[in-house]
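Let me begin by presenting the structure, written as structure tokens, before commenting on it.
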Amino acid sequence: MPVRKTYKLYIGGAFPRSESGRTYEAEGQNVARASRKDVRDAVRSARAAQPKWAGMTAYNRGQVLYRVAEMLEARTREFAELTGDEAEVHAAVDRFVWYAGWADKLAQVLGSANPVAGSYFNFTVPEPTGVVGVLVPDEPPLLGLVSRLAPAVVGGNAAVVVASESRPLAAIELAEVLATSDVPGGVVNLLTGFRSELAPVLAAHMDVNALDVTGADGDIPELERLAADNVKRVVRGSVEDQSPWEIAGFLELKTVWHPMGV
């Protein structure tokens with residue numbers, strides 16, 4: 000007798016049900032319907048995990064993302080059945096590999112040594128923003144998620160992801176890949192449920208530093224208003240493009256002055 004799969008949340012490296020016990024139907028399956036408390040738990044897990052992730056060398060973060068690509072490719076057939084498009088799965092693998100390759104090159108491309116008039120060195124260095132909320136577009140379900148998640152975390156941020164409301168199964172399966180790919184628990188937290196319920200909570204949360212509204216519906220102005228309370232950075236990204244500037248949207252550029260001869 001086959002064991003029926005249950006589709007849960009992914010928070011702090013574990014797979015809990017929603018604290019409310021609620022579910023909703025999507026793609027013919029009962030999927031956990033996350034609550035406000037689940038959002039708070041996910042943000043807490045992301046905040047706890049982010050310093051260690053950012054403290055890893057950029058090369059090591061790239062290796063971890065490359066491992067995600069390897070594990071995803073090993074499950075190509077399974078993801079192709081979920082998405083209905085094997086080409087999308089291959090594109091998602093390629094995107095993870097592409098962003099993994101940028102991990103140890105960001106400082107050289109985005110940073111700089113700045114000429115100044117005086118006996119000082121002046122350096123600009125990219126640093127992670129912190130905790131990033133990501134609203135995933137409904138289509139394409141897997142590539143859309145990877146296209147927004149990879150640039151958010153490669154630079155050292157932790158993410159709280161609200162998956163596609165209508166097609167969440169690929170996201171939940173990807174969480175299983177992340178859990179077995181050396182990604183530290185809490186670096187990526189994945190919630191399923193109604194976007195209209197979860198997005199405002201994420202936008203208003205005072206411990207979230209940036210919000211990716213690529214997958215938001217027509218409520219972007221309201222999300223921007225909520226995000227303004229703690230001066231969150233609001234990013235409107237692209238699913239089609241892959242660019243180091245997609246990563247730059249989730250980084251802070253810090254400038255350091257240092258006197259010469261000291």
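Going by numbering that gives the first Met the number 0, the sequence shown opens with residue 0, and the numbers climb by one from there. C-beta atoms are modelled at their ideal positions from N, C-alpha and C, and glycine is treated no differently. As the structure is a prediction and not an experimental result, all values here were calculated from the model.
With contacts defined as CB atoms closer than 9 Å, alanine 13 and arginine 21 fail to qualify as a contacting pair.
For lysine 36, the enclosing alpha helix (DSSP H) begins and ends at 35–54. Residue pairing by DSSP places tyrosine 23 opposite Val30 in a beta bridge.
Shown here, histidine 257 sits in a strand according to DSSP, grouped into three states. Under the DSSP assignment, glycine 132 falls in the beta strand (DSSP E) whose first and last residues are 130–134. CA-CA distance, threonine 213 to glycine 236, rounds to 5 Å.
Sorting Asp37, Ser242, Asn113 by C-alpha distance to the C-alpha of lysine 253 places Asn113 at the top. Pairing asparagine 156 with valine 255 gives a Cβ-Cβ distance that is not under 9 Å. If you ignore the 5 residues before and after isoleucine 10, its C-beta comes within less than 6 Å of the C-beta of Asp40, Ala41, Ser44, Asn188, all in its own chain and listed in chain order.
One Cα belongs to alanine 90, the other to leucine 142, and the distance between them is close to 7 Å. Take valine 108, set aside five residues on each side of it, and the residues of its chain with a beta-carbon closer than 7 Å to its own are Pro243, in chain order. The C-alpha of valine 92 is placed about 32 Å away from the C-alpha of histidine 204. Non-local C-beta neighbours of threonine 128 in its own chain, meaning closer than 6 Å and more than five positions away in sequence, comprise Asn156, Asn208, Ala209, Phe249, Glu251, ordered along the chain. In this structure, the CA atom of isoleucine 171 is about 19 Å from the CA atom of serine 19. Beta-bridge analysis with DSSP links phenylalanine 120 to His257. The alpha carbon of leucine 148 has as its nearest neighbour, out of Ala227, Gln241, Val230, Asn29, the alpha carbon of Gln241.
Here the alpha carbons of alanine 151 and tyrosine 98 stand approximately 10 Å from one another.
For the set Ala53, Ser118, Val67, the Cα lying nearest the Cα of aspartate 103 is the one of Ala53.
A straight line joining the alpha-carbon of leucine 201 with that of glycine 192 spans about 13 Å. When DSSP states are grouped into helix, strand and coil, glutamate 18 belongs to the coil group.
Straight-line spacing of the CA atoms in alanine 169 and alanine 227 works out to 32 Å. At least 9 Å separates the beta-carbon of alanine 57 from that of proline 167.
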